[in-house]
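A.B. asks: Below: one structure in structure tokens.
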Amino acid sequence: MQPIEPSFFNISTLELAEKLIGHVIIHELPSGILSGRIIETEAYQGPEDRAAHSFNNRRTPRTEIMFHKAGHVYTYQMHTHTLVNVVAGPVGVPHAVLIRAIEPQTGIEQMQKNRGPMITKHNLTNGPGKLTQALAISMDYYGHHWSQRPLYISNKASTAEIERSPRVGIRNTGDAASYLWRFFEKNNPYVSKFR
DNA sequence: TTTAAGATGCCC
DNA sequence: GGCATCTTAAAC
314 MQPIEPSFFN
324 ISTLELAEKL
334 IGHVIIHELP
344 SGILSGRIIE
354 TEAYQGPEDR
364 AAHSFNNRRT
374 PRTEIMFHKA
384 GHVYTYQMHT
394 HTLVNVVAGP
404 VGVPHAVLIR
414 AIEPQTGIEQ
424 MQKNRGPMIT
434 KHNLTNGPGK
444 LTQALAISMD
454 YYGHHWSQRP
464 LYISNKASTA
474 EIERSPRVGI
484 RNTGDAASYL
494 WRFFEKNNPY
504 VSKFR
């Protein structure tokens with residue numbers, strides 16, 4: 314498996330969110346390789362998107378990386394969890410694509426250890442906070458680039474039938490709550506639960 | 001300076 | 001339904 318070309322990310326944010334599905338996230342660790350197919354994403358389009366951290370071009374230490382080139386890693390803390398995004402859009406336009414779920418591929422035993430013995434089956438990676446724990450993606454990767462080892466996205470993807478829906482877990486955001494900016498692979502058991 | 005609200009997930 | 005506990009904004 315080879316890393317993706319940085320130019321891959323130079324497409325519209327919605328297009329990127331859809332195209333990322335089927336690509337593989339690979340994390341190469343000294344102890345072994347952890348990987349999984351992306352099967353669920355959400356687009357966040359900063360300036361005009363009330364649900365985005367970068368709404369109205371809000372620029373803080375947390376959102377800073379979204380103003381940089383597409384393809385960077387945007388990690389942030391949500392309560393006790395780490396969530397991971399792919400920065401999208403041109404330089405200066407703070408868009409991102411949230412990785413919401415993956416289908417484990419390599420290193421499933423290690424992912425099980427990372428998640429804990431009580432976690433079963435699809436609960437391993439069927440949520441944005443769950444997959445980062447399974448793949449051992451921490452805040453240390455903030456500002457990393459998805460085309461670089463040891464954490465990268467594959468250049469090849471397996472095709473799949475894709476569905477759309479409103480985004481998960483956003484409220485009090487007016488019209489933004491109904492935008493169909495969530496993409497997921499049809500009939501995949503690792504798709505996260507709608508809240 | 002303090003408080004409330006999340007792009008969540010696990011336990012009761 | 002509660003709670004853990006990090007960042008940010010808005011209330012004091």
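Just add 313 to the spot in the first sequence (first one is 1) and you have the working numbering. Each residue gets a CB set at the ideal place from its N, CA and C atoms; glycine is no exception.
Assuming A364 and T486 form a contact by the criterion Cβ under 8 angstroms, report the distance between their Cβ atoms to the nearest whole angstrom.
C.D. replies: The sequence position of residue 364 within the first sequence is 51, counting from 1. The sequence position of residue 486 within the first sequence is 173, counting from 1. Indeed they touch by this definition, with Cβ atoms about 4 angstroms apart.
A.B. asks: Of all the options P343, I351, F321, K382, which has the alpha carbon lying nearest to the alpha carbon of G335?
C.D. replies: One-based indexing of the first sequence puts residue 335 at position 22. Ranking P343, I351, F321, K382 by Cα distance to G335 puts I351 first.
A.B. asks: Between the alpha carbons of G359 and A401, how many angstroms are there, rounded?
C.D. replies: Walking along the first sequence from the start, residue 359 turns up at place 46. Walking along the first sequence from the start, residue 401 turns up at place 88. If I take the Cα positions, the gap works out to 10 angstroms.
A.B. asks: I'd like to confirm the pairing. Which residues does DSSP put opposite S478 in its beta bridges?
C.D. replies: Translated into positions along the first sequence, residue 478 becomes position 165. Answer is R495, bridged to S478.
A.B. asks: Since E328 is in the beta strand (DSSP E), which residue starts that stretch and which ends it?
C.D. replies: Residue mapping note: residue 328 aligns to position 15 of the first sequence, counting from 1. Unbroken run through E328 is the alpha helix (DSSP H), 326-332; no beta strand (DSSP E).
A.B. asks: Quick one: grab the DSSP three-state call for Y389.
C.D. replies: What you label residue 389 is simply residue 76 of the first sequence in a count that begins at 1. Note: Y389 maps to strand in three-state DSSP.
A.B. asks: Per DSSP, V410 forms a beta bridge with which residues?
C.D. replies: Here residue 410 refers to the residue found at position 97 of the first sequence. In DSSP, V410 forms a bridge with A356, V399.
A.B. asks: Under a three-way DSSP split, which group does P319 fall into?
C.D. replies: Taking the first sequence and counting its residues from 1, one reaches residue 319 at position 6. Reduced to three states, the DSSP call for P319 is helix.
A.B. asks: Report yes or no: do three or more beta-carbon pairs, one from the stretch 445-464 and one from the stretch 378-390, lie closer than 8 angstroms?
C.D. replies: Counting Cβ pairs under 8 angstroms, three or more are found: they touch.
A.B. asks: Is the beta carbon of D462 less than 8 angstroms from the beta carbon of P316?
C.D. replies: As a position in the first sequence, residue 462 is number 149, starting the count at 1. As a position in the first sequence, residue 316 is number 3, starting the count at 1. Per the sequence presented here, residue 462 reads as Arg, with Asp not at that position. Cβ atoms of R462 and P316: closer than 8 angstroms.
A.B. asks: Quick check on the burial criterion: 16 or more other C-beta atoms within 10 angstroms. Buried or exposed for K443?
C.D. replies: Here residue 443 refers to the residue found at position 130 when the first sequence is read from its first residue. Buried.
A.B. asks: Measure the C-alpha to C-alpha separation of I378 and E328 and round it to an integer number of angstroms.
C.D. replies: Your numbering for residue 378 matches position 65 in the first sequence. Your numbering for residue 328 matches position 15 in the first sequence. Between I378 and E328, the C-alpha separation is close to 20 angstroms.
A.B. asks: For I450, name the three-state secondary structure that DSSP assigns.
C.D. replies: In the first sequence, residue 450 corresponds to position 137, counting from 1. Reduced to three states, the DSSP call for I450 is coil.
A.B. asks: For the stretch 416-451, list the alpha helix (DSSP H) runs that are entirely contained and at least 4 residues long, ordered along the chain.
C.D. replies: Qualifying alpha helix (DSSP H) stretches, in chain order: 421-428, 441-447.
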